[in-house]
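In UniProt numbering, the protein residues as written are 1 to 396.
Worksheet: one structure, shown below.
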Ligand SMILES: Cc1ncc(COP(=O)(O)O)c(C=O)c1O
């Protein structure tokens, strides 16, 4: 008898190293208790540190009041919600997206996993750059695909296009790009995206099989200094755009986002029913009906981006003054400084002893760095600065 309590799927997915590291940190290390201890300053995950805005709460409240008997029926995508998302996509990306190509999902997770399954066959390779969002590997493995990783350029935090070109094989089917990037805060410039498109086109021709781009744009409205975000989907027609409202609205527990197929994608009409089928068989990956009704109002809201820019500036200036090496993020709400002394795990522990919680770069498969999340309040940031100085002195 096979006495294994779990499936082979669990072995490959849940025990994959990045997933395991995240699970150990979040669920087993005592973090959930420690983050609430008095005096502890938490800079780990992108959770809200302040109550939601009244406008956000009101939008949700209104959306839960039924207006007819089908209000809470199965809902593949409310027309008004899709129109609002499409209109905003057109404005932000500058391409005439069609409502039929905007598929509402339970956030970025579902949008990315759906895109992977739409074009990936078992054994196909999915290429992405380190440091990554730590759940790419789990989503790729769960889809029966094979993760292939290359590093970004560690000096500029830009994509290393030579490394990407060199890592492409005849099995490469998908390349994931995340801009603005978690955790580096880098927005990839148009020249990089043009060259990336040329690399993917060349390789597709050489392989005789199309490589697709999955553009993970969870942070595409969180940009600073008046930066103009350019979507990778503008540069390469065979692209999927994954968006989540959870970041812009600082409400990651209320699940809504979308997977959009740009109007430049050839044969995109054939994808429409396929995407819906994958969303259903994936376990109903459509947002709750009430979140869909709230969407037209939610589209008009965002957290206070200028305040976040000030938080970024205060933190970067203070860390540099202390002696940290840190680049200025162009978007997102993360900083990715180098770990003083080089050992990111040891340095995260040194900070922990000062009562400051951060994530070591090993969690992003990029040792030697650590991540600070700026969803913490300005008061928390100010309180943390002497502690960042003390940890730096202790190691330095
Ligand atoms: C780069 C990136 N992509 C996707 C996601 C998933 O977003 P959501 O939880 O809103 O689905 C996250 C969340 O942290 C992220 O950082």
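Ideal Cβ positions, reconstructed from N, Cα and C, are used throughout, including at glycine.
Item: Nearest residue (CA-CA) to residue 407, options 130, 5, 310, 12; Value: Given a span of 1 to 396 for the chain in the structure shown, any question on residue 407 remains unanswerable.
Item: For review: beta carbons within less than 5 Å of any heavy atom in ligand 1; Value: 107, 108, 109, 133, 178, 182, 216, 218, 244, 246, 252
Item: Residue ranges of each beta strand (DSSP E) within the stretch 171-221, 3 or longer; Value: 172-178, 212-216
Item: Alpha-carbon spacing of residue 257 relative to residue 105, whole angstroms; Value: 5 Å
Item: One or two residues paired with residue 360 in a DSSP bridge; Value: 370
Item: Distance CB(residue 243)-CB(residue 46) smaller than 8 Å; Value: no
Item: At least 3 beta-carbon pairs within less than 8 Å: the stretch 59-79 vs the stretch 194-203; Value: no
Item: Any 3 or more C-beta pairs closer than 8 Å across the stretch 284-293 and the stretch 249-263; Value: yes
Item: Given 8 Å, three or more beta-carbon pairs between the stretch 218-226 and the stretch 173-182; Value: yes
Item: Residue from 150, 262, 212, 298 with nearest C-alpha to residue 175; Value: 212
Item: Element boundaries [beta strand (DSSP E), containing residue 286]; Value: Neither: residue 286 is in no beta strand (DSSP E) and is coded neither H nor E.
Item: Three CB pairs or more closer than 8 Å across the stretch 139-155 and the stretch 12-24; Value: yes
Item: Residue range of the unbroken alpha helix (DSSP H) whose run includes residue 167; Value: 161-167
Item: beta-carbon residue 216 near ligand 2 non-hydrogen atom, thresh 7 Å; Value: Judged by which ligands are present, ligand 2 is missing from the structure shown, whose ligands are ligand 1.
Item: Sheet register partners of residue 104 (DSSP bridge); Value: 258
Item: Helix, strand or coil at residue 147 according to DSSP, with G and I counted as helix; Value: strand
Item: Closest residue to residue 214 among 277, 161, 113 (Cα-Cα distance); Value: 113
Item: Of the residues 314, 353, 159, the one placed nearest residue 385, counting alpha carbons only; Value: 314
Item: The stretch 369-389 in contact with the stretch 303-322 per 3-pair CB rule at 8 Å; Value: yes
Item: Beta-carbon contacts of residue 52 that lie in its chain and below 7 Å, excluding the five residues immediately before and after; Value: 251
Item: Three-state secondary structure assigned by DSSP to residue 273; Value: helix
Item: Under 8 Å between C-beta atoms of residue 282 and residue 185; Value: no
Item: Same chain, Cβ closer than 6 Å to residue 356, neighbours up to 5 away in sequence not counted; Value: 41, 384, 387
Item: For residue 316, the three-state DSSP class (helix, strand or coil); Value: helix
Item: Cβ-based neighbour list, residue 31, same chain, cut-off 8 Å, excluding 5 preceding and 5 following; Value: 25, 44, 357
Item: Delimiting residues of the alpha helix (DSSP H) encompassing residue 397; Value: In the structure as shown, the chain starts at 1 and stops at 396, and residue 397 therefore has no counterpart that could be examined.
Item: For residue 41, the residue or residues it bridges with in DSSP; Value: 356
Item: Residue 331 (DSSP reduced to helix, strand or coil); Value: strand
Item: Coil, strand or helix - residue 32 by DSSP; Value: helix
Item: 8 Å CB neighbourhood of residue 96 in its chain, flanking five on each side removed; Value: 90, 263
Item: From 346, 395, 303, residue whose alpha carbon lies closest to that of residue 48; Value: 303
Item: Per-residue DSSP class, three states only, for residue 130; Value: strand
Item: Selected residue, minimal CA-CA separation from residue 329, among 121, 71, 188; Value: 188
Item: Secondary structure of residue 251, DSSP reduced to three states; Value: coil
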